Structure formats: structure tokens, C-alpha cells
Amino acid sequence: MGLEPRSLHKSSPCVHKFVASIRARRQLGCTYCISVGAVELRIAWNCVFRSAGTYPGTYSPGALTGGCDRRYWCVRTRVRRGVAVPTGVLLHRETELAELARAVAGAAAGRSAVVLVRGARGTGKSALLRAALARLPEGAVVLRARCHDNERDFPYGVVRQLFDPFMRMTTDPAPAPQFPGETPREFPATALGGDLPDALGRALPAGSENTGNGRERVLNDLFHAARSLTARTPVVMAVDDLHLADEESRQWFSYLARRLDGLPVALLASTADEAADPLAAELAALRHARTLTPGPLCDSCVAERVAEEFDAPVDPELAAVCHDLSRGNPLVVEELTARLAAARINPGSPDLDTVLRIGAGTLADTTLSWLRQSHPRAAELLTGLAVLGTGADLATAALLTGQGELLADEAREALHRTDLIEPGPPETFRHELVRTAVLARTDPRVLVALHERAAALLARLGAPAARTAEHLMSSGTTGLDWAVPVLRTAARDAAADGHWDDAARYLQRALADAADPELVRSLTRQLGTVELHRDVAAAARCAAGLAATPDPAERARLLRPFAGPVLALSAAGAAAVPFAEAAAALAATPGPPAELLLPLAAQAALTGRRTALRPALAALRAEPAEPAGTALLGALAALAAAGGQPRTAVRLAGRCVRRVSPAEAGTEVLGAAMAYAWTGRLDEAAAWAGRAVRSAQRWNHRGELALALLARSDIAHRQGRPDAALADAEQAAELARQIRAEDLAGAAQALAVRARLRRGLPVDAAALAGVELPAEAHPLLRAVLLEARGLVAAHRGDHQQALRLFLECGHQLAARGVADPACVPWRAHAAQAYQALGEHAAARTIAADPLPGGDARPRPVEERGGPAIGTRDAGPVRLTPSERRVTELVLQGLSNLEVAERLCLSKRTVDTHLGRIYRKLAIKGRPELGAAVKAL
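Residue numbers (the working numbering): 1175 to 2110.
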């Protein structure tokens, strides 16, 4: 098929340039080498030849990328709707095609040749043979055969395929042609001199004829039959997959190849790349033999093929993934591109996850299927390598699959030929998707058994505990004695590296294997300490389960690792009772150990319970150097500050921080830091909170870091640094969500809203409204959330709702004994809400009440916002605004407790007010109060 100027559009200069390039580099037959680099040439190519009705080749935009300098098309066309469409393409095969062309041309010139095409499956060996046969000279006799593994038991089955077209099996007489061999399909058996039918007839029975001299006569007769075909025309014999031929045919092929001198015969054969194939080695040693080994396609050729399949430009990442998955194997490329096209992958912007999934399936259905068929031991070795995972090698995989060194070496060579693994060392998978595909094609029951064997093998070989544990995780419950220690060691190592999720997985599996009750309690304790860093609620459940231990000392020892402010604040309701009961039970025993009693008493104190506090203080006085006393002193300092005892709080906080080094301070000093903050010593509070943050960061303790950031955010807000407060609050919220501490996350979100409001930034009120803390949540956390909601309501102008929230905040704090307004400044917020509502007297009353730890200094009249209550009837006796407010409620018939609830005060404060009122009015009780007030 030629390219004539009359078929071209003369008005297109680029077309002439393109065609001139093709004609200059045209090869024999229908093979062309096209190497052009202008994008408009593809347009011209399609335009010209579609209009001319011919299509001598194909062009793909992959040539625009430069890349490979060996792009070859062996194209055979068929007409579809007036357009010739290519049906076969060979890329990257110029050298091989040239060698085959020389062999065929040599046969036409009377020279013999043997060409052996060797390579792995899918490399295009059969396509090369078809391309060579398409170039045969006119009149050449072609003998073809294709071998199959199922036909290996048929003696001379390949020989029969070769000569079958020339054997007259009918008895009908037919006139012989004038020139024997004129047409191969009409070539009579008489042209073979009668040798072929007789030889094949003798080859049929299985007996003594097939050994010794009998077989030699068969081979000799077949040779003469083949030689008789060369009397008038050259002969080309093409055998596909010679390595699968029956033994008799392989022997005849060798016999014939060694006797071709001077005969116009070209023997073309494809065979697998088997190093141990004796026939391939024997043929390769012949003087007139050539061995061709087609290499993989380069990345540019793969990109070219993918672009041709989609008929559109291809994203470079998609082309790279296709080349990486296929390793340049043409058949895998064809299958992969076909599946990608069927899945409607967008070549310009592909979903690479989908591409990788399709690629894994393609590998499983092509290369791995071939491997299982031809090399089952290599497939077993590959499965063992896939099961062992990262860091494994083929030597260990051979031990796992029970293969000795000889079998393993043979399987290793087969794997290297498939290009599925790196040559190493270490010999690993070329792509993780190969491992995925191997595991996907393996029976799950086989995988479970292999994982169990792998765990036992790695444990004996002294592999890292984490590797062994991963295999135990993939196997069924074993009940093996050695499994639990391995899992515990792996969990300990994972926890040391901060991999809390892995540590929890290992310990949960160990609990499934454990049977001894003491071992179960020990594993539960270890699991609970891990859960503190990933799921606080789960840690609380573990602690509750261990609290059922009857022995007080053993119970305290099991609960000791859980003691800390993280569990106390984020799971207050679930964690309070077990620790309080354990502390009380331990304190009731004679001589309780201080190292157990002190942390339990501190934990109970942080949850608002003073259980076993006196025995704990006595134990601290007896052993002042006990490290566990630091947490107790910090908790007591916070309790004193919240209860309105600033001097005691400062003294206890000082004792707490003096017991630790600033570089080693952890969450045990957070109580002291908050005591400093609530008593107005903000610089000291910020310093110790910052040290707690750095300690938690250093040890990668997410729960402790979240709590320390929460404290530092609150302190920064008090210092007037909203930017720092906002950053710490947002980070604390994220960490709290990671450990599933919803209480801490809600409080952190509330602090972030408070900081944003101070900075004048927009806030998400809906998100804050969706935060719901349980009733048993820590009162400080609930108070912070109520305060933030009140601030949001006031910001949007709903002062009535804001006042309700601020009063509810104060009521809940008072109910839990938090009397210091410095903890949560709800009074100041409520006073502002009263002022906005026009209730100035109520605003002055709720803001002026001097509580312990508050500012009781009198303010100027201009700062009070209006005239003082009682100034109209000024007399020798004057009540303060707070006292008059209490008096008014008492005269309404409310009890002291009801007055305290109405004013969000403690009952003790109301009692104090009434005592002052009675003394000022010189009365003894309520019955005289009404008359005394009227006399003012």
C-alpha cells in the first residue's frame, strides 16, 4: 500500500512533510517507523487519510513527549465505513522485526536460519511471529503450529499441526498440479515422497518403535518429508510456545534444526524465558541461530498506547501509573487500557485511586494467573512474601512456605523473570499493588493459616514484636502461651512511640487470648492506660471494671495508673465513684501505702469528693518526699481557690510547684496553676501551665496536652491575650476530639468562642448550641459552656437569655461549692445583662456582693450606674445593697436556702449577710426584721 501524492491535500504543507518522513523511513510490508513532534501532524494524518479512504498506519500524541526513539507500528488494516482502521500495533520492536525479516529473506535466498524469540509471557512473542509471517515472499510454504500445555501428552502433536495442511486424508483421486507446491492448501502428499504419512503412521503406536532405532527412523523420515517441501520454494516453520510442545515434537525440532545447512528453511519459534530449558540452550548454540529477547515497553510507548486507546491526550500521572503497574508488558498494557476505557476513566484528569484498583485487578488476572499456571512454587513463594509484609525477604518467605533452598532458588528466578519484585537485596515488591493483588487472589483460609505460621516463625527468629503481633492480629484466636507476651511487648513498644491505636489493638487481641483472671486484670489495666490517650470513655470503663477487685490494696494498685486530671475532668461522673470508693477502702486498712493512697485521694478531690482526705494528708506528713503528693497538693490548692480561700490556695500551690523541677512539670501542677490564676497571680499561672504543655508535647500525651492547653487558654484570656487564648483553645478542641473526650472538646470550643468574641471575630453560635455536656460533667466545664452561650446571646442582643444563662452558671457553681467568682466571672456578665435590661438595682446587687477572694473595695458612685439602695431613707443605720437585697427576699417569706438559690449565692453567704443585718438592726431574728426595716 503506497502513499501517492494524488491522494493528499496539496494545500497542507504539514501533510507533505509528514508523508515525506514516512516514505523516507518506510520498512518492509506494512511496518512504519514514525517519529514526528508537531501536534498538527496528527490532525493532518487523520484528515488526509480518512478523506482518501486509506489508513496506512497510526499516529498517537505520545510522540509529542519526546521520550522513546523507537516507535514502531506493524499495522494491518480493515475498512470500516469507508475508513481503513488499524487492527494490530507493535511498539518498541524495530530490532526484533528486522532480525525476523532477515531470517525470512535469507530463506528466500536459499539460506537456513533458526530464530528463537524468548521472553516472559505477554511480551509480544506471538505478535512478532505473526508480523514476520506477514512479510513472507510470494510462493513461500508456511507451516504453523501452536503448542498448549494440555497437548503435551500427544506424541508428535506439533508435527501433525505443521504438516496437516499438506496431507491428503481422503481417498478421492485428484489430479496432481503441474507444479507441486503451487498453492500450499493444494500441496499433495505425494510431493513428500510418501515419507510423511508413513512416518506419522509409525509414530502413532506407543511401543518399542518409539525407542532406539525406531524413533531414529521416524525422525529421519520426518526430516526428509520437510526437506522435500523445499524443492521449489522456501519453507518457513513457525511454532508458538515451543516450551509447551510434546517431547517427541521437541526432539524432532532439534533434529531438524541441526540439519538445515544449505536448505531454504527458516525455523521461527517462541518460547518462555526459561533458563533451564535444554532445547532453548541447544538451539541457541547453533551457528545459524539467533535468539531475540523482546524487552518491556518504555514509559513513552506505554503513554502512546494509552493515548491511542482513549483517542485523547493522557495525563502524565495516568501514563506513569500504567507503566509502573504493567512494567512495560505489552499484554498487561493492552488489558489495563481496555479496562480503564471500559470503566470510563477520564484520561485528562483521572481518579488515580480507581486506576490503582483497576490495575490491581488487572495484575491479578494476568501476570499472577500466568505465574500460578506455569510456576506454582513461585506463586507460593510470592504469596509468602506478601503475607510477611514490609521488611520481609524471599529467604524468610521460603521458610514460611516450606521450600528448601533448591526449590526456593528456582522459584526466585521465575519471580525475577516476571518483573514483579525488585532484584534486591532486599527482594521486595516493585509496587504495593502487586502485594495487594496477590493477597486478593489467595483463599482467606489459606491467609489465616499463613499468618499464624508467620507469627510463630518470626517469634522464633527473634523478629520485632510489632511484626509478629501484626500476624497474630490477622490469624484466629490461637490460645498459645507465647502469643500474649508478644502482644504485650508490641503494645508497650507502640505506646512508647505514640502509636496508641496500634497498642490498643494488640492489647484487645491479648485479652481475647487470655484466660487467667489475674492476667485479664493486668491486661485491662494496661489497656486502660493506653485508652487514656485515644478514648477516655473506654479508659473510664476499664477503671470501672477493675474497681470490682475485692482486695483494697490490689484495687488501688490497679487504679493507680488511671489517676490524673484527664480522667477526672473529662469523665467526672464515670470516674468519680470508683476512685472515691477505692480511696475510702484503702484508707480503712491499717497503714495504707502513701504511694497508692495519695493519688487516689487527689483523684477523688478533683471530682469534688473529699473522701479519705485526712488519711491522705497524714500520709503526706509522714512521707513528705512522696512524688504522688504533688498531685494532691495541686488538687487541694485548686479546691481552696474555688472555695474562696485565696491565702490557703496560694500556700498549697507554692508547696506543689516547689516539689517538681520546672523542666519536668506535668499535669500534676495544673491545679496549682489554676489556683494562681483564680487568686490573681497570672504570670506564675501562665508559666506553670506552659511547662505542663511542653511536657505533654514531649511525651506525646494527647489527653494531657489538651487539658494543659485548655488551662493555658483560660489564663491567656485573663491576661488579655485573646490571640493566644484562641490558638490554644482550638488546638485543645482538636486534641480532645481525637481522644473522644467530648466534655473537654465542648469546654475548649466554649473558650474559643469567648476569645473570638473578645477579638471581634464572627462566631458559630449554632455549633456551640449543639454542644451538650452530660449532667455528671465537671461543674467547671459546664460553667464555662454556659458562660460562652450567655456571651453569644448578649452579643446578638438577647440579654434576657444571656441573663438566664449567667444565673444558671452561678447556680451550678454554687451547688458544687465553687464560691469564688474569679473561677468563672458570671457575676460581672450577669450585672451587665441587668444593666442592659434596665434593672440597675439588681445589677448593683449581684456585682457588689463581696465574696472571699473577690474585690470588696468600694467603688465610686459614678461607676455604680445609679443611686444606692436605701439612700432616700438614710439614717443612723445603713444596709449595703447586698444586705438590702437579701432583706427584701427574706421579708417575702423565703428561706435562707431559697434566697441563696434566687441570688446564686451559697447558703453560708446568705447566713453571713443575715447575721450582719441582725447586728446592725440590733434584733435577734426574723420576727423583728419587718418592723426594724420600717423604722429605717
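Where is the CB? At the ideal position from N, CA and C, for every residue including glycine. Computed from a predicted structure; not experimentally measured.
**Study point:** Proximity to Y1850 [Cα-Cα], best of L1555, A1823, R1833 and L1460
**Key:** A1823
Review point. Residues in its own chain within less than 6 Å of G1293 by CB, not counting five upstream and five downstream?
Key: Once the five neighbours on either side are set aside, the close Cβ partners of G1293 are K1299, D1447, T1467 and P1468.
Practice item. List the whole-angstrom C-beta distance separating L1807 from C1830, where the pair is believed to meet the contact cut-off of C-beta under 8 Å. Key: 4 Å
Check your understanding: CA-CA distance, R1627 and A1721?
Key -> 38 Å
Point to revise | Complete alpha helix (DSSP H) runs within the stretch 1529 to 1602 (minimum length 4 residues, chain order) | key: 1541 to 1548, 1550 to 1562, 1568 to 1575 and 1579 to 1592
Practice item. May I ask which residues mark the beginning and end of the beta strand (DSSP E) holding T1445? Key: Residue range V1439 to A1446 is occupied by the beta strand (DSSP E) that includes T1445.
**Study point:** Under the three-state DSSP convention, the category G1277 falls into
**Key:** A small fix is needed here, since residue 1277 is Ala in this sequence, not Gly. Note: A1277 maps to helix in three-state DSSP.
Point to revise | CB of L1931 within 7 Å of CB of A1906, strictly | key: no
Point to revise | the stretch 1592 to 1600 / the stretch 1637 to 1655 touching (three or more Cβ pairs under 8 Å) | key: no
Review point. To the nearest whole angstrom, what separates the beta carbons of L1760 and A1730, a pair I think is in contact under 8 Å?
Key: 5 Å
Check your understanding: Under three-state DSSP, which class holds V1998?
Key -> coil
Review point. Between A1949, L1947, E1478 and R1928, which lies nearest to A1939 when the distance is taken from Cα to Cα?
Key: R1928
Point to revise | Contacts around A1287, its chain only, beta-carbon distance under 6 Å, and the 5 residues preceding and following it disregarded | key: Shown here for A1287: same chain residues with a beta carbon closer than 6 Å to its own, the five before and five after excluded, namely A1277, G1280, A1440 and H1462 in chain order.
Exercise for review: With A1287 as the anchor, note down where its beta strand (DSSP E) starts and where it stops.
Suggested key: A1287 to G1293
Point to revise | Segment contact, 8 Å Cβ cut-off, at least three pairs: the stretch 1681 to 1688 with the stretch 1710 to 1726 | key: no
Exercise for review: Could you tell me the boundaries of the beta strand (DSSP E) in which A1305 lies?
Suggested key: Unbroken run through A1305 is the alpha helix (DSSP H), K1299 to L1307; no beta strand (DSSP E).
Check your understanding: Grouping DSSP H, G and I as helix and E and B as strand, with all else coil, what is R2117?
Key -> Because the chain here runs from 1175 to 2110, residue 2117 falls outside it and cannot be looked at.
Review point. So, P1329 versus D1420, is the Cβ gap smaller than 7 Å?
Key: yes
Point to revise | C-alpha distance - A1319 paired with V1410, whole-angstrom precision | key: Rounded to the nearest whole angstrom, the C-alpha separation of A1319 and V1410 is 11 Å.
Check your understanding: Starting from L1770 and walking both ways along the alpha helix (DSSP H), at which residues does that stretch end?
Key -> A1768 to L1780
Practice item. Would you check if the distance between the CB atom of L1881 and the CB atom of G1920 is smaller than 7 Å? Key: no
Exercise for review: Find the nearest neighbour of L1430 within the set H1645, V1704, A1458 and L1393, judged by alpha-carbon distance.
Suggested key: When each option's Cα is compared against that of L1430, the closest is L1393.
Practice item. Taking 8 Å as the threshold, find out whether the stretch 1295 to 1310 comes into contact with the stretch 1536 to 1548 through three or more Cβ pairs. Key: yes
Check your understanding: Tell me which same chain residues have a C-beta within less than 6 Å of the C-beta of A1443, skipping the five on either side of it?
Key -> L1290, V1413 and L1416
Check your understanding: Can you tell me the Cα-Cα spacing of E2075 and V1704, whole angstroms?
Key -> 42 Å
Review point. Comparing alpha-carbon positions, which option in L1434, G1845 and T1269 lies nearest R1285?
Key: L1434
Check your understanding: Which parts of the stretch 1916 to 1979 are runs of the alpha helix (DSSP H), unbroken and 4 residues or longer, counting only runs that do not cross its ends?
Key -> 1916 to 1933, 1939 to 1943 and 1953 to 1969
Exercise for review: Compare the Cα-Cα distances from A1805 to each of R1833, R1708 and R1784 and report the closest residue.
Suggested key: R1833
Exercise for review: Since I believe C1983 is in contact with A1957 (beta carbons under 8 Å), could you give me their beta-carbon distance rounded to a whole number of angstroms?
Suggested key: 5 Å
Review point. Among all the DSSP beta bridges, which residues are the ones paired with R2111?
Key: Residue 2111 lies beyond the range of the chain shown here (1175 to 2110); nothing can be said about it.
**Study point:** chain C within 7 Å of A1405, Cβ atoms only
**Key:** In summary, chain C is missing from the structure at hand, where a single protein chain is found.
Practice item. Alpha carbon to alpha carbon, how far is R1501 from V1488? Give it in angstroms, no decimals. Key: 18 Å
**Study point:** Rounded separation between T1156 and P1752 - CA only
**Key:** The question about residue 1156 has no answer here: the residues shown for the chain are numbered 1175 through 2110.
Review point. For P1438, does the count of other Cβ atoms within 10 angstroms reach 16, so buried, or fall short, so exposed?
Key: buried
**Study point:** Start and end residues, alpha helix (DSSP H) containing R1318
**Key:** Here R1318 belongs to no alpha helix (DSSP H); instead the beta strand (DSSP E) covers V1315 to R1320.
Practice item. Could you please give the first and the last residue of the uninterrupted alpha helix (DSSP H) stretch that includes A1412? Key: A1412 -> not in any alpha helix (DSSP H); beta strand (DSSP E) instead, spanning V1409 to D1414.
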